[in-house]
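**Q**
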Amino acid sequence: MRPSASADIPDITAIYANFVATTTATFELVAPDAAEMLRRRQAVLDHGLPFLVAELEGYIVGFCYASQFRPREGYRFTVEDSIYVRPDCIGHGVGKVLLAELIAQCQALGCHSMVACICGVNVSSVALHASLGFQQVGLLAEAGIKFGEWLRLLIMQRALE
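Residues in the sequence shown are numbered from 1 upward in steps of one, following UniProt numbering.
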C-alpha cells in the first residue's frame, strides 16, 4: 500500500477500464484515457485527499481514493470513497486493505464521514463496506442505466470521528 504516483496511471487506467466495460461498479459508459485518469488523480490530490495503490510483487493490483462528496463548502468534511481491484485479485482482501487504509488516512486528515455510492447489484462492495462499519443510509431507485438496465444506487456511510 502506498500513495499513487504518476507512473501508476497506465495500470490504474487499465484496471478502471475493465470495470467500465464489464461491470456496473461505475455508471461510466466510456472508459477514460490515461490523460483523463491523470487529471482525475491530480484533482483528488489538489483537494489534499489520498489516492492510493495496492502493489503486489511490483504490480498494481488495486487503487482507491477519496473525493469531495459534494462541491459546496458545507460538505467539506464528508468524502466519498472509490475502490477498484484488478479482476484476478478480487476476493483476496485487497479491497479491504485499501479501504481500511483510506479510512485511516481520511481520519488523520480530520474528515468527519465517508460515503460510498454503490450499485445495488454489487453485493461484494456492499459487504466490504459493511465489514468496515458502513451502514446503508439511502437507496435511489433507477438512479442510472447501464447495459440497458436501470440500476439502483445504495448509499452507505461511516463516521470517521
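Built from N, CA and C at the ideal position, the CB exists for glycine as well. From a predicted model like this one, the values you see are computed outputs, not experimental measurements.
Restricting to Cα atoms, I'd like to know which of Arg72, Cys106 and Tyr59 is closest to Ser82.
**A** Indexing the sequence shown from 1 puts residue 82 at position 82. When each option's Cα is compared against that of Ser82, the closest is Cys106.
**Q** Cβ of Gln68 within 9 Å of Cβ of Leu49?
**A** Mapped onto the sequence shown, residue 68 falls at position 68. Mapped onto the sequence shown, residue 49 falls at position 49. Yes, these two residues count as a Cβ contact at 9 Å.
**Q** Please report the distance separating the alpha-carbon of His129 from that of Ile155.
**A** Along the sequence shown, one-based indexing puts residue 129 at 129. Along the sequence shown, one-based indexing puts residue 155 at 155. Roughly 11 Å separates the two Cα atoms.
**Q** Taking the beta strand (DSSP E) that Ser124 belongs to, which residues open and close that run?
**A** As a working note, residue 124 is residue 124 in the sequence shown. No beta strand (DSSP E) holds Ser124; the alpha helix (DSSP H) holding it covers Val123 to Ser131.
**Q** Using the rule of at least 16 other Cβ atoms within 10 Å of the residue's Cβ for burial, across every protein chain shown, is Gly58 buried or exposed?
**A** The residue given as residue 58 occupies position 58 in the sequence shown. Counting Cβ neighbours within 10 Å, Gly58 comes out exposed, since fewer than 16 surround it.
**Q** How about the region 68-79 and the region 14-34: do they share at least three Cβ pairs that are nearer than 8 Å?
**A** Fewer than three Cβ pairs drawn from the region 68-79 and the region 14-34 lie within less than 8 Å of each other, which leaves the two stretches out of contact.
**Q** Mapping the DSSP letters down to three states, classify Ser6 as helix, strand or coil.
**A** Numbered from 1 along the sequence shown, position 6 holds the residue referred to as residue 6. DSSP places Ser6 in helix when its eight states are reduced to three.
**Q** In the DSSP assignment, the alpha helix (DSSP H) including Gly95 goes from what residue to what residue?
**A** To locate residue 95, count along the sequence shown from 1; it is residue 95. It spans Val94 to Ala108 - the alpha helix (DSSP H) in which Gly95 sits, taken as one unbroken run.
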